[in-house]
Each structure stands twice: as C-alpha cells, then as structure tokens.
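Quick mapping for you: the protein sequence lines, in order, are chains A and B. Residues are numbered in my numbering as their position in the first sequence, beginning at 1, plus a constant of 121. Residues are numbered in my numbering as their position in the second sequence, beginning at 1, plus a constant of 18. Beta carbons are placed, not taken as given, at the ideal position from N, Cα and C, and that holds for glycine. Given the structure is predicted, the values throughout are model-derived calculations rather than measurements. Below is one structure; the comments refer to it alone.
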Amino acid sequence: MAKEKSDVLQGTLDMLVLRALQLEPMHGWGITERIEQWSEHVLQLGQGTLYPALYRLEQQDFIKSEWGVTDNNRRARYYSLTARGRRYLNESLAQWRRMSRAINLVIDATT
Amino acid sequence: MATLANLWRRLTGALGKTDQQALEERLDDEIRFHVEAQTEKNRRAGMTPAEARRQALIRFGGVEPMRERARDQFRSFRIEHLVNDIRYGLRSLRRHPAFSAMAVLSLAIGIGANAVIFGVVHAVLFRASPLVEPGTLVNIYETEGGQRFGPLSHPNIEDLRKGTSDVFSGIVASTFAFAPLDRDGTSAMVMGEAMTGGTFAILGVKPVLGRAIMPEDDVARGGHPVVMLGHGYWQRAFGGDPNVVGRTLRMGGRAYTIIGVAPANYYGGTAVLTPSFYVPMSMANELMGVDMLDQRDFHSFFAKARLSPNVTRAQAERVASLVADDLTRSRPEGWIVGRQFSLVPTADVQIAPGVDPLLQAAVWLLMVVVGLVLLLACTNLASFLLARALDRRQEVAVRRALGATRGALIRQLLVESGLLGLAGAAVGFVLALGLLRVLLSLDLPLPFGFRLDLHFGLDSKALFDWRVLALTVGAGLVAGGLLGLVPAVQGTRAADLGAALKAGSRGSDAPGPLRWRNALVVAQIAMSLVLLVGAGLFLRSWQQMLAVDPGFGRAPTSVLALWMPVSRSTPDDAAQLTRRVLERFRSLPGVEAAGLIYPLPLDFNSSFTEFTIDGHTPPSGRDTFRAENARVDAGFFDAVGMTIVAGRTFADSDRREGQPVAIISQAMAHRYWPNGDALGRIIRRPDPAEPDLMVIGVASDIKVRSLSESPRDVVYETYTQGPGSPMYDFIVRTTPGHAQISSTLIAAARDINSDLQVLQATTMAQHLAMSRLPSQMGAFMLSAFAAMAMALAAIGVYGLVRYTVARRSREVGIRMALGADAAGVARLLATHGLRLVLIGGAIGVVVSLIAARFIAKLLFGVGSFDPVALIAAPVVLGLAAWLAAYLPARRASRADPLAALRAD
C-alpha cells in the first residue's frame, strides 16, 4: 500500500503544510492551492494525505483550527500556526536547507 | 458502502454522540467545502458544472480511506477509542463463549495459583518491618563448631552488653514466655514474650496504644507486673477496645497492668510465632516459674543490637568475640569453652539463619512450580489466540480492504486479548481467595494450640495487598497483551490478506500459526509431565515416610504436655508431684500404661549430653562424645511400646541419693560395647552439674530428631535423679475403647494441683503426623499443582483437536459420505493430537530425569530415578490427553455427514 511511501514523505509534508500557514491562517483547500502555486504546479497535494496530516499536526499542537468565513461568505475551517508550530517549522526549514545544500553540493561536484 | 456504514455503526454503536459526532460533522463539512471549492475553480477554468464536480471528486481521491485515516489521526490519543475497542472486544468474546470460557478458565487457574502462593510467601517472608533503620541492626547468635546461629543465654547477653557498649548503642533480648492466663473464670495457656525494657525505643517501633515497655519497667526481678498486648491478641480478646490501657490481665496468679498495644506489623523478637503479650524481661522467672535469667546454659534468648554510628558489623563482631574469649578464659559455670558470638544483619534474616536456606529453597521450588502452571495457562491462551487469529483472517481482510489501518486492527485485537487477560485475572483472584480459605481451614496438627498465631496472622487480607493485586492484574494484562501481540501482528500482515479474502469462508490453511500451536501443545505436555513426575516423586517420598517405623507410639496413645512451676518448690517436691500425677493417670479406667519423657522425640526440642567413656577416644578436636539426652520414668518404655533389650528399666530404688543410672539406646550400646557388655559400664560427664552414670539397661532404637535419620546414641536418665524440669510429656496408652481420654487426663491433673498447666493435649498419631507434615505438605501441594498443570494441558489438547476437527469438517463429511466408519474417522482426527502428546511426553521424560536431580535433596527414601513415578506420571497424563483428543474427535465422527458438507 501507499502508506510506506507517505511515511518517508511525512516530514516534508508537515513542513510544507506549516510553511503554507506561515503568513496567514488558511483552510485546507487554500493550503493545497498555495503549495501548488508556490511550487509552480509541481507539487499537487493529495487530499487523502492533507487532512490526516492536518489532524495529526493539530493533535501534536503545531497548529490550531477554528471555523471562519471565506471571502465569498462560505463556512470553512481555518488552520493557523501555534507558537510551538512556528518553532518547529523554523527548525525543520533550517535542517532542510542544510540538507538540500549538502545534496546540491554533492550533485554539482565536478572534480 | 452499506457494509462499511454497517461496520462503522457497529464500531461506534453504543458510544455517546459527543466528540465523535462533532468530529464526523467537521470531517463532512471540510470535505464538502474542499470539493465545492475545487469544483468552483474547475468551472471557472471552463468546465461544465457536471464535469467540474466529477474532476474535483477524482482529484480529491478516495473519501473513505482518507476519512478513516483522518479519524485515526484525530482520535489516536482519545479514550473513546479504547472504550470503543473494549465494547467491540466484549461483544466479540461473547459471541464465542466456549473459546472465551476456556481461555479465561486457563488463565484463572494459572493466575489464581500464583496469587495465592505469592500472597502467602509475601505475607510470611517479605512483610513490611516496622524496625527503623534496619541497616544498623544486627541479630546476635551463639556459635560453636557445627552448631551455628543458636539462641543465647541471658547471662551471656548481659556480659555482651557490658563488653560492647562502645560498638552497640543498645542490645535487646527476648524469649518466649508461656503463661497461664485467667479470663472470665477460665484459665488457658497463652504464648507471649519477655522483652528487655526499652526494646521498642532501640528498634524504633511505636506502640499503637499507650506506651511500650520502658527500661524503668525492667529493673527489679518480679517487681513490675506490666504487660503490653500483641495487636492480634488485643483484637481477638478485647475486640480492639481503645480503652484497654489501665485494665489488668491475670497471668500466673498475678495481676499485670496493661500499658499499651504493639503495632500490627510487629511480630516479636523472632518473627515466627506472633506473641499475644509482652512483659518486661525481669518478670520472666516469675511468669515461667523457672529460673531462666541466671542460667548460663539456658539457651533460649534472641538478641538484636543497634550498631553505634560509624561502627561496622565486622568491628562489632571483633569486640563481641573478645567478650567470648574473656568468658572462655574465666570459664563461668555453664559457659561452653570455645563458643563465639556471631552477628548477622537483621535485614538478612527471615526466621533464623539456620532455617532460612531451607525455607528459601522450599519457597523457590513453590514459585517455580506455580510459575510453570502460569506458563502452561499462558500457552493455552496463546494457542487459543492463534486459532482465533486464523479464524478471523477473513474479517481482518475485509476490514483492511475497507480502509481500517493496520494499527487500529492490531490495537483492537490486543484490546480483545487484554480483556481475556483481565477476566482471567479477576476470576483467578476469586479462585485464589477460595484456595487460601481452604489452606487456612486445613487442620494442621500444630502443637500448643497456636493455630491462630502459627498462621503468621495470615488471612484473606494477605491477598488484598497492592503487590499481590498488581501481580495478579499485571500477569493477566501481560499474558493477554504479549500473547495477543504475535497473532495480531501476524494476522494483519497485508501480504496474507489477499489470500484470506480469496480463500472464502473456509479460511486457508496457514501453516505458520498451526505449527506454532503444535509446538505449544508439545511444550505443554512436556511441562505438565515434569510437574507430574515431581509430584509423583514427592508422593512416593511421603509414602516411604509413612512406612517408617519411628520405634515408638504404634499403639493408640495420648500425649499430654504438662507444665509445673518447679521454681516454686524443691526438686524433691516436684518429683513427688510428678509421681502423683503418673499414679493417678495409671489408675484411670481404660489406661493400660503411662509414662513420661522430656523432651519428646520428634518434637522441636532436643537435648544432648557430653561424656567420655574409658577406652574410647573422642573424635579429633573434641574432648567429649555427644548423645541425645532425655529424662523419663520407669514406665515410659512400656507406655510408648519400646522394649528393654538388655538389663532393666528404672526402679523406685533409683533415688537422688543413690548411684545415678542410665539406660542407653541399642545403637549406642553397639557403638561403644560391640561385645554386648554395656551393662554396668560408666558414662563419665565432665560438666560438674551432671553426675557420672552407670548403664543399667539397653532400650530399642527410636527416631529422635527426624524420621529419616539412622539410629542415634541416646542416654535416658530417670526424672527422680536429676534436677526437676518444668515440663514433661505424659504418654498414656489406652485400651481401644478409650481413645478420647484427653479431657479426663486434664481434669485428673488439675485435680491434683491447680498450678499444673496443660501446654498441649494431643495423640501420638497426631504428634507423628506433625513430623511428617513437611513431606506431606510438599507432596500434596505439588500434586495439586501437577493436577492443575495436567488439566491445563488437557484443555490445550482438547482445544487443538476440536479446532482441527472444525476445520476438517468438510473432509470428514466426504469421508463419511464415502462410507468411512465413525471409529476410523475419530481415530484419524485424534491422531494428530496424540502424535503431539507422544512427542511432548518424550521430551517431558527427559527433562524430568534432569529436573529430578535438583529435588533429590528434598526427597526421602526414593532416588531421583524412581520407576514408579516415571511410569505412573506418563500413564496418567497419557490417559488425560487421550481423552482430551478423543472426545471432540468422536463427536465430530458422529455428526451427520450431510450437515457437515452443507455447513460450508
């Protein structure tokens, strides 16, 4: 089943979701849209993984959620970062940057 | 979709619609919003409304798996989850009552046996000590050569106290004190303790009521009649009256003022027999009617000492040994040259350093045995759970296919097996309470009527200790959890599930779990065979012990232990009184013969005397020989059925002023005078308090200390010649019609002198049963556990065969339809189970042969290779296993073949 694969990606998925929420609170659909947009349509989030991830992050107290109203007056669940989530995001980002820089160095090495 | 909804309703069926409902609504709302937002976007991109929605749904993916996972994430820490699983588990267990009952019963037997043994062992050996800072407390014993860790005499304790004040901040002594206690017009012997004043202060124990016995209570001999009650006696005799302080207790004809009550967890100086009362040490002589405080050879005191700060036990022991050296130099009367004092940390002593290893060995054996029983119960549970997992493969596969996560399923299965474990623990606890009640109500032939106290204050409360409860519940949970884990993990493995779905309702034959089950049954059979062989060996050992002739007491005989305060009279008066009692007994109707002895053979007491014999050299390193020593009267040998094989018995002419005489045992006569010329020889005794004796007779051999011993050297003296003893055992042989003569004897004794106290009234048969008690208990306990083990193994075999039969019912139907006869089919079905029994039996026999060596020391009269036990045990187990395998097989073979075929 696909579960094993998502386990590997889980850390990244969490980071992406938290990053999407970094600027402002957003609903689930907004998060998928924002990630798709930022990634120039490379990353298309499966909703089958998004909501479980959101619920898990909420359980872990990285995000909180409340009902809100969208621009065109529809009821939607808005997610926002908690202080803990913000800290966790910064740590993950720093780690990710170190990691990807290292990988790029390896890939681009010429000699 | 209907199935899923159905399943979901079942999962949540009885749950309160609170958080659960909110979660569902939230999920629904979010999904709807998400799909609508996507549809809107698609429509703006130019799709038709219908196409827009279709694409949005496709994009979203499978709704149900996502919902299931979202739920899991959301609720993974929620308690409702557990409640849910528990409800589902209970329902599932109810649906399979036979399976559940067998699993619970198996576990209950295992856990119950453990709870009761652990409860008793814990209550007796590991009870909480009220002593403060036990690390700085030591027990003091007298030690000499082979006799280690003996009790002390009071003068020795006083010398120690004087000589060790630098290393000990205090030494406390205690001794058993029996006192005739008058209450409500009746008099009864009660066991208490005399203790050094200030004992509680030094040990750090606080009385629960009033005050303890202080140093100022313990100054002048007989000067301060105060008494502190034991907690148990306070409860029994005074109903726990809080106003008991200030009242009086009449003991030995004197009124003692009650000053306080000891705490319930103080078991006295020795922690063996819990005393009913405590008096100051200075009252001991008066209360007991015998001078015990000033006799250096009266070794019946127990001592504890508190080490001074910064003093080690080794340092203290050196100082104590200096005291012993001084005594050896000055040789006061009664000091045995070469004696030493040894110090043992109080915390290391359970009952006495000499007894503890044996006790611990017995306890370990018991724990190992009940542990094995629990292990057997667990194998049964494991075996059942494996079978269940096989049967549930289809259910599991369907639920996985419908989107339940593997974690949720494993959790569900674990909760179910955990429930089984808890139920087993609960039933086991009830079983343990029943078992303990049976144990306590056993009328053990214990001496001195100490029934209540000898049970170590043990009652059903022993099981309500948190440690016992924790063990019980823990055993259940661990058994259920751990044993459930393997089948749960194995049974939910994704790779197997497709096959399970395809195989349809019959389920596939999964060789893995079945092999496990086979191995478990083999292990069970092997283990229970080991226990059965062990039980067989102990039973044989007990049988051998029953066959031992102790050399006395074959005819129906009453034994009356009488206590007379000799210090209140001269030795001659005491002898006179004793003679009158004997004469009165002999005159009673139904009495054939009467005699007396002290100490009684095969009792706790024993006594020895040291002597030299002309022409014989004592063993190297010693200046004297040793022999058992007892004081008897002329009629004793006839009364207990011994014979005088040479010479004569004592006579009235053997008086204090005359030549001191002795009768010796046949073994002793053979050892020193092999030519048969013992009569008239002299036994020389170096102790000035003991006169030289002339041998006037040789008596047949008897068992003195234990039934397993070889004949010992015994020197009998007559009570008319030595100093008086405060206690004698009167032996009264009766004609067959007068077996119940005890009360007549007691009345007759009281009639002669009201000061006489009856310590014990029993029969010789009971007395001999007492000496066989350890091996009898061992045999019975082990047999009981072996029977449990066998029952568990039989349940295991039964379960396996029944299960095999159920799985092969279609095959059976075909065979029957094709004309196979019922007996043949039954044989076929049982064969598999019986083959396992044979393998297990073979392993069991081998293991038994090895294990038997470890208990060889505890056996009497049987070798560890005992053909009777080794043949009987497998036969019994084989019969039980055959029945367990054959019954379900036969039932299946009698079933209607058409019904069997249709069943699938």
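Close beta carbons around residue i, own chain, < 8 Å, minus the five adjacent residues each side
| i | result |
| --- | --- |
| T752 of chain B | P574, T575, S576, G608, V609, E610 and I759 |
| L777 of chain B | F196, M207, F466, A579, L580, W581 and M745 |
| W188 of chain A | R196, A197, R198 and Y199 |
| S186 of chain A | L175, E179, R198, Y199, Y200 and S201 |
| H634 of chain B | F643 and Y690 |
| H140 of chain B | A480, D483, R485 and V486 |
Rounded straight-line distance, which links the Cα of residue j to that of residue i
| i | j | result |
| --- | --- | --- |
| E304 of chain B | M213 of chain B | 14 Å |
| V387 of chain B | R820 of chain B | 28 Å |
| A802 of chain B | I543 of chain B | 17 Å |
| K124 of chain A | I428 of chain B | Here K124 of chain A scores only 36 on pLDDT, less than 50, and its place in the model is too uncertain to base an answer on. |
| R229 of chain B | D235 of chain B | 11 Å |
| A870 of chain B | V886 of chain B | 14 Å |
| L170 of chain B | H317 of chain B | 5 Å |
| I873 of chain B | A890 of chain B | 18 Å |
| V894 of chain B | N174 of chain B | 58 Å |
| R357 of chain B | F447 of chain B | 50 Å |
| D773 of chain B | P198 of chain B | 9 Å |
| A804 of chain B | A395 of chain B | 13 Å |
| F798 of chain B | G128 of chain B | 17 Å |
| I231 of chain B | L267 of chain B | 15 Å |
| R61 of chain B | P67 of chain B | 6 Å |
| L470 of chain B | G258 of chain B | In this prediction, L470 of chain B scores a pLDDT of 36, lower than 50, which makes its location untrustworthy; the coordinate-derived value is nonetheless stated afterwards. If you take the alpha carbons of L470 of chain B and G258 of chain B, they lie about 16 Å apart. |
| F534 of chain B | P173 of chain A | This sequence places Trp at residue 534 of chain B; Phe is not what is there. Looking at the two C-alpha atoms, the distance is approximately 38 Å. |
| T346 of chain B | M310 of chain B | 21 Å |
Sub-7 Å separation of residue i and residue j beta-carbons
| i | j | result |
| --- | --- | --- |
| Y690 of chain B | S360 of chain B | no |
| S124 of chain B | L547 of chain B | no |
| A380 of chain B | L431 of chain B | no |
| L164 of chain A | I156 of chain A | yes |
| V657 of chain B | I749 of chain B | Here the sequence assigns Ala to residue 657 of chain B, which means Val is not the residue at that position. In contact: A657 of chain B and I749 of chain B (Cβ atoms closer than 7 Å). |
| Q56 of chain B | R77 of chain B | yes |
| M806 of chain B | V391 of chain B | yes |
| G222 of chain B | V279 of chain B | no |
| S192 of chain B | R324 of chain B | no |
| G169 of chain A | E48 of chain B | no |
| I868 of chain B | M120 of chain B | no |
| P363 of chain B | V156 of chain B | yes |
| M660 of chain B | A696 of chain B | no |
| F167 of chain B | P371 of chain B | yes |
| Y284 of chain B | P375 of chain B | no |
Own chain, CB closer than 6 Å to residue i, minus 5 neighbours either side, in chain order
| i | result |
| --- | --- |
| T736 of chain B | F668 and D672 |
| V134 of chain B | A450, L453 and L454 |
| V650 of chain B | I615 and Y734 |
| A405 of chain B | Y821 |
| R71 of chain B | T57 |
| L618 of chain B | D747 |
| A365 of chain B | P152 |
| R699 of chain B | V713 |
Neighbourhood of residue i by C-beta distance below 7 Å, restricted to the same chain and skipping five residues each side
| i | result |
| --- | --- |
| P243 of chain B | R272, A273, Y274, T275 and M301 |
| S110 of chain B | E434 |
| T762 of chain B | L606 |
Contacts that residue i makes with chain E (C-beta to C-beta distance below 8 Å)
| i | result |
| --- | --- |
| R44 of chain B | Among the chains of the structure shown, chain E does not appear; the protein chains present are A and B. |
Contact test: residue i Cβ vs the ligand COA heavy atom, cutoff 6 Å
| i | result |
| --- | --- |
| G665 of chain B | The ligand COA is absent from the structure shown, which contains no ligands of any kind. |
Problem set entry | At least three beta-carbon pairs within less than 8 Å, the segment 612 to 620 of chain B to the segment 639 to 658 of chain B | Judged by Cβ distances under 8 Å, the segment 612 to 620 of chain B makes contact with the segment 639 to 658 of chain B, as three or more pairs qualify.
- Should the segment 871 to 884 of chain B be regarded as contacting the segment 549 to 563 of chain B, the criterion being three or more beta carbon pairs within less than 8 Å? Under the Cβ criterion (8 Å, minimum of three pairs), the segment 871 to 884 of chain B counts as touching the segment 549 to 563 of chain B.
I want to know whether the segment 716 to 734 of chain B touches the segment 615 to 635 of chain B - three or more CB-CB distances under 8 Å. Because the criterion of three Cβ pairs below 8 Å is met, the segment 716 to 734 of chain B and the segment 615 to 635 of chain B touch.
#### Entry: At least three beta-carbon pairs within less than 8 Å, the segment 711 to 731 of chain B to the segment 587 to 606 of chain B
No: the two stretches stay apart, fewer than three of their Cβ pairs being nearer than 8 Å.
Contiguous alpha helix (DSSP H) assignments of at least 4 residues, all confined to the segment 181 to 206 of chain A = When DSSP assignments are scanned along the segment 181 to 206 of chain A, no uninterrupted stretch of alpha helix (DSSP H) that is 4 or more residues long falls wholly within it.
**OP:** Note down, one range per segment and in chain order, each beta strand (DSSP E) of at least 3 residues found wholly within the segment 314 to 359 of chain B.
**Re:** Taken in chain order, the complete beta strand (DSSP E) segments of 3 residues or longer contained in the segment 314 to 359 of chain B are 320 to 325.
Give the list of continuous beta strand (DSSP E) stretches no shorter than 3 residues that lie fully inside the segment 363 to 438 of chain B. Listed in chain order, there is nothing to give.
**Prompt:** What residue ranges within the segment 155 to 198 of chain B form continuous beta strand (DSSP E) runs of no fewer than 3 residues, ordered along the chain?
**Reply:** 155 to 162 and 165 to 168, all fully within the segment 155 to 198 of chain B.
I'd like to know if the segment 783 to 797 of chain B and the segment 812 to 826 of chain B are in contact, where contact means that at least 3 CB-CB pairs between them fall below 8 Å. Remark: fewer than three beta-carbon pairs, one from each stretch, lie closer than 8 Å, so the segment 783 to 797 of chain B and the segment 812 to 826 of chain B are not flagged as touching.
Segment contact flag, the segment 895 to 906 of chain B with the segment 849 to 858 of chain B, C-beta cutoff 8 Å, min 3 pairs: The segment 895 to 906 of chain B, when compared against the segment 849 to 858 of chain B, does touch it at the 8 Å Cβ threshold.
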